[in-house]
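In our numbering, the protein residues as written are 11 to 90.
Now the structure itself:
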């Protein structure tokens with residue numbers, strides 16, 4: 011996989027929490043969804059997700075998650 015995860019990939023990962031379709035995932039990300047998503051990211055990319063509280067606070071929307079993952083370098087050169 012090259013480049014950071016796109017919005018569609020983030021939605022697909024979030025959809026696995028609660029067995030939803032990606033189009034059923036809302037823009038907001040609650041704390042349980044975020045914990046699930048971080049676990050999925052660590053599994054997908056094979057590296058720990060190390061972010062401080064300020065970064066985590068920005069991950070309350072799908073847009074915010076996508077931006078943070080790009081900033082932290084997830085995707086580019088990471089294991090798929």
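Virtual Cβ for every residue (Gly too), placed ideally from N, Cα, C.
Reduced DSSP secondary structure (H/G/I, E/B, other) of residue i
| i | result |
| --- | --- |
| residue 90 | Only weak support is given to the placement of residue 90: the predicted model assigns it a pLDDT of 44, under 50, and the value that follows is read from those uncertain coordinates. Reduced to three states, the DSSP call for residue 90 is coil. |
Opening and closing residue of the alpha helix (DSSP H) in which residue i lies
| i | result |
| --- | --- |
| residue 78 | 72-81 |
| residue 65 | 63-67 |
| residue 49 | 41-55 |
Cutoff 6 Å; reference residue i; Cβ partners in own chain excluding five residues on either side
| i | result |
| --- | --- |
| residue 27 | 43, 46 |
Candidates the options, of which the one nearest residue i by Cα
| i | options | result |
| --- | --- | --- |
| residue 57 | 63, 66, 49 | 49 |
| residue 60 | 36, 41, 82, 22 | 82 |
Beta-carbon proximity list for residue i, same chain, < 7 Å, skipping 5 on both sides
| i | result |
| --- | --- |
| residue 22 | 32 |
Own chain partners of residue i with C-beta closer than 8 Å, once the 5 adjacent residues on each side are dropped
| i | result |
| --- | --- |
| residue 84 | 14, 15, 51, 55 |
| residue 76 | 14, 15, 16, 17, 20 |
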